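In full-length UniProt numbering, the protein residues as written are 1 to 375. A quick write-up on the structure given underneath.
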């Protein structure tokens, strides 16, 4: 076994009498198998001290190539409800500090900004079956949720919420996998939904015409009643679609797939090889979304002060919390950070915020011209 020194951590047991012991935290699935010496089937088979994924402090998996599998397109969206004027291409100035990090680190990537006007135009031309949903919803974040799936399905690339910061070049992310969706910090899935993982839709990478996104759009087109909820087609919906695409049952959510030398989280991800053109790759959270939601700080602290009677998944969360703390600093290998500005919050009156033109943030911004050609 080739354990890194960073994988050696001190962990507190949480059963009755508290005492300390040293554990190796594996840096890949291969090391976990070598450490346990058995084929693991469910999350509870893995020692609590090993958390939900290997410890990683290495570069993101990639291959040397001149032709990326995911095109170098950055898509961002801000929809001011039913606005068709030029000020449509503006954003609240609070997002400027985050948005400008993408062209800074990715100057050769194309940057596309989507508005109410350009979104509806794209739907009219390419997805008229989705116009009813788009027009019925009065919640701008629902329109934004729909359009992120549409634009990445049509053109490929990266979608990122406006409060996402880029910390380094994304070029290598696009070389090895055809579609990459990012698990949120495991604490969040447990606190939000009491499930072992959740897939947010605030950031994802994918090739154009990927069948997973095709399934997502087909499901939305079949929604007959459009509820005025900001979460209708958000993270939980996206997680459900991911599970459906990979044929992951409720029981399978707690299965693990520990095979191969991968830094991906332990949970079962279906049967397609991760490098398959129709597969979805799930990266370790340390590369993208590693910071738990700030709303959960006090609750996690309170739960983990005395988790002896908690469920095993809560105890596992508390071991990770004890080891890593709540505040997670990005590593040298972290690509993105999320600022949690709560842009979906219906209590925020965005019309009263100061807006700035997107062109002041990204001078080469491109918008949809209404033709059937690429943007």
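C-beta: ideal position from N, C-alpha, C; glycine also. Bear in mind that the values here come from a model prediction, so they are computed numbers and not experimental data.
Opening and closing residue of the alpha helix (DSSP H) in which residue i lies
{"i": "residue 215", "result": "211–221"}
{"i": "residue 337", "result": "Where residue 337 is concerned, there is no enclosing alpha helix (DSSP H), although the beta strand (DSSP E) it sits in stretches over 336–338."}
{"i": "residue 144", "result": "140–155"}
{"i": "residue 110", "result": "Element bounds for residue 110: not the alpha helix (DSSP H) but the beta strand (DSSP E), 110–114."}
{"i": "residue 164", "result": "Counting along the chain, residue 164 falls outside any alpha helix (DSSP H), though it belongs to the beta strand (DSSP E) covering 164–166."}
{"i": "residue 204", "result": "No alpha helix (DSSP H) holds residue 204; the beta strand (DSSP E) holding it covers 203–206."}
{"i": "residue 300", "result": "297–305"}
Member of the options whose CA lies at the smallest distance from the CA of residue i
{"i": "residue 90", "options": "214, 45, 78, 98", "result": "78"}
{"i": "residue 368", "options": "52, 298, 123", "result": "123"}
{"i": "residue 112", "options": "160, 105, 92", "result": "160"}
{"i": "residue 338", "options": "56, 61, 245, 200", "result": "200"}
{"i": "residue 271", "options": "279, 265, 264", "result": "279"}
{"i": "residue 264", "options": "147, 41, 312, 182", "result": "182"}
{"i": "residue 215", "options": "232, 237, 230", "result": "237"}
{"i": "residue 301", "options": "327, 127, 258", "result": "327"}
{"i": "residue 97", "options": "144, 170, 172, 166", "result": "166"}
{"i": "residue 290", "options": "331, 277, 358, 149", "result": "331"}
{"i": "residue 335", "options": "191, 125, 101", "result": "101"}
{"i": "residue 80", "options": "195, 141, 42", "result": "141"}
{"i": "residue 187", "options": "48, 320, 41", "result": "320"}
{"i": "residue 154", "options": "194, 312, 207, 58", "result": "207"}
{"i": "residue 352", "options": "65, 92, 44", "result": "92"}
{"i": "residue 304", "options": "370, 191, 361, 241", "result": "191"}
{"i": "residue 57", "options": "241, 333, 299", "result": "333"}
Where residue i falls, given that 16 or more other Cβ within 10 Å makes a residue buried
{"i": "residue 202", "result": "buried"}
{"i": "residue 402", "result": "Limits of the chain in this structure are 1 at one end and 375 at the other, which puts residue 402 out of reach."}
{"i": "residue 8", "result": "With a pLDDT of 41 at residue 8, under the threshold of 50, the predicted position of this residue should be treated as unreliable, and no value is reported."}
{"i": "residue 283", "result": "buried"}
{"i": "residue 247", "result": "exposed"}
{"i": "residue 228", "result": "exposed"}
{"i": "residue 235", "result": "buried"}
{"i": "residue 137", "result": "buried"}
{"i": "residue 117", "result": "buried"}
{"i": "residue 67", "result": "exposed"}
{"i": "residue 76", "result": "buried"}
{"i": "residue 49", "result": "buried"}
{"i": "residue 88", "result": "buried"}
{"i": "residue 295", "result": "exposed"}
{"i": "residue 126", "result": "exposed"}
Residues near residue i in its chain [Cβ-Cβ closer than 6 angstroms; skip 5 each side]
{"i": "residue 63", "result": "175, 176"}
{"i": "residue 131", "result": "123"}
{"i": "residue 2", "result": "Its pLDDT being 39, under 50, residue 2 is placed unreliably by the model, and the measurement read from it follows with that caveat. Contacts found: none."}
Beta-carbon separation (whole angstroms), residue i vs residue j, contact threshold 8 angstroms
{"i": "residue 256", "j": "residue 46", "result": "6 angstroms"}
{"i": "residue 109", "j": "residue 74", "result": "5 angstroms"}
{"i": "residue 53", "j": "residue 285", "result": "7 angstroms"}
{"i": "residue 180", "j": "residue 268", "result": "Their Cβ separation, rounded to whole angstroms, is 18 angstroms, which puts residue 180 and residue 268 out of contact at 8 angstroms."}
{"i": "residue 72", "j": "residue 157", "result": "7 angstroms"}
Start-to-end residues for the beta strand (DSSP E) that takes in residue i
{"i": "residue 75", "result": "73–77"}
{"i": "residue 90", "result": "90–92"}
{"i": "residue 357", "result": "355–357"}
{"i": "residue 180", "result": "179–181"}
Contacting residues, own chain, Cβ-Cβ under 7 angstroms from residue i (five flanking each side not counted)
{"i": "residue 239", "result": "198, 199"}
{"i": "residue 223", "result": "133"}
{"i": "residue 220", "result": "130, 133, 146, 233"}
{"i": "residue 37", "result": "At residue 37, the pLDDT of 49 sits below 50, so the modelled position is not reliable; the number obtained from the coordinates is stated separately. Answer for residue 37: no residue qualifies."}
Close Cβ partners of residue i (< 8 angstroms) along its chain, the five nearest in sequence each way excluded
{"i": "residue 15", "result": "With a pLDDT of only 37 at residue 15, under 50, the local geometry of the prediction cannot be trusted, and the value read off the model is given with reservation. Excluding positions up to five away in sequence, the list reads 308."}
{"i": "residue 376", "result": "The requested residue 376 is not part of the displayed model; the chain covers only 1 to 375."}
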